[in-house]
Every structure is written in C-alpha cells, then in structure tokens.
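Colleague: With the first letter of the sequence shown counted as 1, position 148 gets the number 157 in the working numbering; the numbers rise by one all the way through.
Okay, handing you the structure first.
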Amino acid sequence: MSDPSPMESVKNTGASSHLTAKRKASEPPEPVDTEKAEASRGTKLRSKTTIDAFFTPSGVRTISQSSQKKQKTGSGASRPTTAIPTATSQRPKLNSIPFSKNALQTSLTDEEKNLLKLECDTLALSWLKLLKDEIRKPYFLDLKRFLWDAGLKSSLDTSPSLQIYPPAKDIYTWSKTPLGKVKAVIIGQDPYHGAGQAHGLCFSVPHGVKIPPSLLNIYQELKTEYPDFIPPKHGNLISWANNGVLLLNTCLTVKAKAAGSHSRRGWERFTEKVIDVVDQYGGANLPNGPNGSESTGIGRGIVFLAWGAWAAERVSKLDKVRYLPFVSFSRTCMMTTNTIPFAHPTIQSKHLILTSAHPSPYSADRGFFGNGHFVKANAWLEERYGPGGRVEWCAL
10 MSDPSPMESV KNTGASSHLT AKRKASEPPE PVDTEKAEAS RGTKLRSKTT IDAFFTPSGV
70 RTISQSSQKK QKTGSGASRP TTAIPTATSQ RPKLNSIPFS KNALQTSLTD EEKNLLKLEC
130 DTLALSWLKL LKDEIRKPYF LDLKRFLWDA GLKSSLDTSP SLQIYPPAKD IYTWSKTPLG
190 KVKAVIIGQD PYHGAGQAHG LCFSVPHGVK IPPSLLNIYQ ELKTEYPDFI PPKHGNLISW
250 ANNGVLLLNT CLTVKAKAAG SHSRRGWERF TEKVIDVVDQ YGGANLPNGP NGSESTGIGR
310 GIVFLAWGAW AAERVSKLDK VRYLPFVSFS RTCMMTTNTI PFAHPTIQSK HLILTSAHPS
370 PYSADRGFFG NGHFVKANAW LEERYGPGGR VEWCAL
C-alpha cells in the first residue's frame with residue numbers, strides 16, 4: 010500500500026543502505042494494516058560505497074533473446090552487446106494498433122455492459138485498447154461483481170454511504186498518463202483508506218489533504234538528491250503523472266478504514282497485466298535516442314521504482330541482470346550541468362529496476378533514505394532518450 014498507516018510518526022534518522030528484495034515463488038502474503046510489517050518482511054540490507062555499486066542490480070526483459078548480437082572475444086567466447094534493445098518485427102507499433110471503443114461496447118453482453126461501464130468510461134484509450142481483452146476475463150468480471158454488490162457500479166457513484174476508496178471516477182486516474190509517454194513507474198500497494206485521501210495515484214493525495222508520512226519521506230529524499238528542491242505544502246503528485254510517471258497501486262480499491270481489504274479479489278492480476286503492457290509499450294512514443302530521432306512505436310525500456318518487498322514482488326517477473334551502467338547525473342533539478350561519469354555497461358538492459366526499502370517511517374532509514382533513485386532514474390532516461398527523457402521530479 011502506498012501509506013497504510015496515516016497516523017504514523019515520521020522518522021528522519023537519515024541512515025542509508027541498499028535493499029535487495031528477494032524474489033518469491035509463492036503468492037505474496039496478505040497485506041496488513043501497518044507499514045511496520047512492510048519494513049520487517051524478508052529483505053536483506055547491504056551497504057556498498059564504491060562507485061561500481063552506485064546502482065543496484067537492475068531488471069530487464071529483453072524483447073527478443075535471439076536478436077541479441079554476440080561479440081566474440083579473442084578466446085572465442087561471446088558476450089551480449091551493449092546495443093539498446095530494438096523492436097521485433099512481430100510486434101505492431103503502439104499507434105498502429107486498431108481500436109474502436111464503440112466496437113468494444115457493441116460486442117459486450119448486457120451484463121458486461123453494466124459491469125464494465127466504469128472501465129469504458131474512465132480508462133484512457135491508450136490503455137483500454139491493450140486491456141480490452143483482460144477486462145472481459147472471468148476473474149475480472151468476478152472482481153467487478155464484487156464491487157457491484159458493494160455499491161460501486163459507475164463513475165457517477167458518489168454516495169457517502171459507499172465506503173470504497175478512491176471515488177469511482179478516480180480509480181483509473183493513473184491511466185491519464187499516456188502509455189506511450191511513460192518514462193517511469195512507481196509502484197504502491199493499495200490506496201489510502203482514510204476519507205478524502207485516495208485519488209487514484211499511489212502515494213499522492215489531493216490538494217488540501219494532510220501530507221502522509223511516507224510522502225514526506227519521499228520529499229526528504231528528493232531534497233537530498235536535488236538540494237535546490239523546495240518541498241511543496243501539498244501532497245498532490247499529478248505533475249509527475251503529467252510528466253510520464255505512472256503512479257500505480259497494486260490494488261486499485263480499498264474498503265474504508267480497512268487496509269488490504271480488496272486484496273486477492275483480482276486487482277493484483279489486473280495490475281500485473283498493466284505492468285506487462287508497460288514492459289511492451291511503455292515509452293513507445295518517446296524519442297528514439299539522445300539525438301531526438303523519431304520514436305520507434307515500441308517500448309524501449311523505462312525505469313521501475315519499487316520501494317519495499319511488496320513492490321519488488323510486482324516486478325519480479327522482469328528478468329534481472331547485474332551491470333555497471335554508464336551514467337552522468339546532475340544534482341540540480343534543471344537540465345544536466347555538473348555531471349559525474351560512471352563506467353560503461355557490461356550488459357545493456359531494457360529496463361532499469363531500482364529497489365529499496367519502503368519510504369514508510371518504519372523502514373525509510375533502513376534503505377530508502379540515500380537510495381539515489383531520482384537521480385539514477387534521470388541519468389538512465391537521459392542516456393536512452395536524451396534530455397527530453399528526464400522526469401522533472403522537482404516540479405511539484
């Protein structure tokens with residue numbers, strides 16, 4: 010969950026270390042009502058101070074293993090090239106995939122028209138066209154029947170007696186970030202379960218709502234990485250969403266005052282599909298390289314920021330590879346100025362996956378503080394997509 014305990018107190022001990030989340034073959038455990046449990050889950054802490062250890066191991070899923078060229082060394086051995094992965098001819102470009110919402114709605118049964126009205130009305134088209142088959146699967150229809158019985162039927166359901174958060178019209182707010190423009194994904198657990206807090210973006214709250222402790226810690230880390238950052242007086246992260254950051258919770262609804270209450274109902278499977286879609290087409294409409302050439306129409310890699318064991322499990326199916334990225338990063342919020350170079354990669358991955366402890370006050374000082382994720386993300390994005398690929402983290 011993004012911040013399951015709104016009454017927690019903020020710790021700012023400032024200690025920093027890197028957390029490597031373990032991949033688990035079994036189903037994730039049931040969510041709990043405190044972030045303290047998140048901090049105590051199966052994780053290992055480790056500290057590295059060398060430049061080579063600046064980046065944690067990153068995860069990748071190559072588009073085509075057979076398309077990786079091999080370079081022979083003097084001994085006849087082979088190694089992966091450092092070329093940025095390219096699209097396979099079998100996958101259509103994002104913008105060329107045909108889709109008609111009217112045709113979709115016409116094809117629905119009467120029950121599906123009722124159950125899926127919210128999705129047809131509020132899921133942004135770039136996502137709906139790639140999730141249209143997913144929302145018709147039996148597990149998702151069962152999820153919608155569960156929500157229907159609870160009183161959530163359409164985006165117009167705003168009755169105070171409906172104790173489900175966020176409001177129906179905001180459940181898919183995350184989809185307002187166009188799929189082809191996604192640069193980074195931040196993964197939360199489930200929405201805030203206090204009145205007026207959740208609005209469809211993980212870790213974010215609407216203007217006028219008290220900033221949750223975990224978000225205060227995120228601001229503190231951002232200030233450490235970018236000293237000229239001025240933390241805002243609000244907790245609304247909509248500007249990140251508008252700048253290409255997908256703020257995705259694993260479960261998209263929750264019962265009032267009951268964290269994790271809608272887990273294992275189907276949302277986890279659905280958002281796993283969302284991540285799969287991002288793997289294929291995230292950033293497809295970003296420039297094709299630092300020179301700003303035309304986009305490829307196929308996903309060429311983005312950054313995943315997975316904070317806490319729960320989030321790390323969400324990206325565990327993205328293959329991970331250890332490598333030493335070439336980066337140059339800036340300690341200012343503006344364009345790259347004073348840069349610090351690092352070594353070239355031994356292997357070029359499709360995605361950059363950054364994991365650490367959760368920003369909860371119960372765990373932030375055990376791996377979140379000092380993780381450098383915002384700077385690392387921008388360094389990687391700028392190398393792959395040019396200056397336009399950077400996220401304006403400080404523009405809140």
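Heads up, the beta-carbon is just placed ideally off N, CA and C, and yes, glycines get one too.
Keep in mind it's a predicted model, so treat the numbers as computed, not measured.
Can you say whether R273 is buried or exposed, counting buried as having 16 or more other CB atoms within 10 angstroms of its CB?
Modeller: Exposed, since its Cβ has fewer than 16 Cβ neighbours within 10 Å.
Colleague: Would you mind stating whether L246 and S213 have Cβ atoms separated by less than 8 angstroms?
Modeller: Yes, these two residues count as a Cβ contact at 8 angstroms.
Colleague: With a threshold of 8 angstroms on Cβ separation, who are the neighbours of E143 within its own chain once the five nearest residues in sequence on each side are excluded?
Modeller: Taken in chain order, the residues that qualify are F149, F279 and K282.
Colleague: Are there 16 or more other CB atoms within 10 angstroms of the CB of H367, so buried, or fewer, so exposed?
Modeller: The residue is buried, with at least 16 neighbouring Cβ atoms inside 10 Å.
Colleague: Using C-beta distances below 7 angstroms, list every residue in its chain close to E277, excluding the 5 sequence neighbours before and after it, in chain order.
Modeller: Only T259 and C260 meet the Cβ criterion.
Colleague: Kindly indicate which residue of S248, P396 and N252 has the alpha-carbon position closest to the one of S302.
Modeller: Out of S248, P396 and N252, P396 has the C-alpha closest to the C-alpha of S302.
Colleague: Which partner residues does K264 have in the DSSP bridge list?
Modeller: Partner(s): I173 and A267.
Colleague: Whole angstroms is fine: what's the gap from A267's alpha carbon to H202's?
Modeller: Roughly 6 angstroms between the two C-alpha positions.
Colleague: When you compare only the Cα positions, how much space is there between C403 and W316?
Modeller: Rounded to the nearest angstrom, the two C-alpha atoms are 19 angstroms apart.
Colleague: List the residues that DSSP assigns as beta-bridge partners of G253.
Modeller: Answer by DSSP bridge pairing: none, since G253 is not bridged.
Colleague: What do you get for K242, buried or exposed, if any count of 16 or more other CB atoms within 10 angstroms of its CB means buried?
Modeller: With fewer than 16 other Cβ atoms within 10 Å, it is exposed.
Colleague: Between the beta-carbon of K110 and the beta-carbon of L134, is there less than 8 angstroms?
Modeller: In contact: K110 and L134 (Cβ atoms closer than 8 angstroms).
Colleague: Have a look at P296 and Y394 and give me their C-alpha separation to the nearest angstrom.
Modeller: Rounded to the nearest angstrom, the two C-alpha atoms are 6 angstroms apart.
Colleague: Below 8 angstroms on the Cβ atoms is my guess for A386 versus V400; work out the distance and round it to an integer in Å.
Modeller: Correct: roughly 6 angstroms between the Cβ atoms.
Colleague: Anyone know if the C-beta pair for V191 and G292 falls short of 8 angstroms?
Modeller: It is a contact, given that the beta carbons lie within the stated cut-off.
Colleague: Take L231 and list the residues in its own chain whose beta-carbon comes closer than 8 angstroms to its own, dropping the five residues that flank it on each side.
Modeller: Excluding residues within five positions, the ones whose Cβ falls inside 8 angstroms are F238, P240, F383, W402 and C403.
Colleague: So P175 and P200 are supposed to be a Cβ contact under 8 angstroms. How far apart are they, rounded?
Modeller: Rounded, the Cβ-Cβ distance is 5 angstroms, consistent with contact.
Colleague: Can you tell me whether DSSP reads L125 as helix, strand or coil?
Modeller: In this structure, L125 counts as coil in the three-state DSSP scheme.
Colleague: Output the distance between the C-alpha atoms of A112 and N252, rounded to the nearest integer angstrom.
Modeller: If you take the alpha carbons of A112 and N252, they lie about 31 angstroms apart.
Colleague: State the DSSP-derived secondary structure class of T182, mapped to helix, strand or coil.
Modeller: Three-state result, T182: helix.
Colleague: Pull up the distance between the alpha-carbon of T131 and that of S163, whole angstroms please.
Modeller: C-alpha separation (whole angstroms): 9 angstroms.
Colleague: Have a look at I180, D151 and C211 and flag the residue whose alpha-carbon is nearest the alpha-carbon of A320.
Modeller: Nearest option by C-alpha distance: C211.
Colleague: Taking C-beta to C-beta, are H271 and I311 nearer than 8 angstroms?
Modeller: No, the Cβ-Cβ distance between H271 and I311 is not below 8 angstroms.
Colleague: Using the C-alpha atoms, what's the distance from R375 back to C129?
Modeller: Taking the straight line joining both Cα atoms gives about 42 angstroms.
Colleague: Helix, strand or coil for N258 per DSSP?
Modeller: Of the three classes helix, strand and coil, the one that applies to N258 here is strand, per DSSP.
Colleague: So, at 8 angstroms on beta carbons, what are the nonlocal neighbours of I180 in its own chain, with the 5 sequence-adjacent residues on each side left out?
Modeller: So the list reads L127, T131, G209, L261 and T262, once near-sequence residues are dropped.
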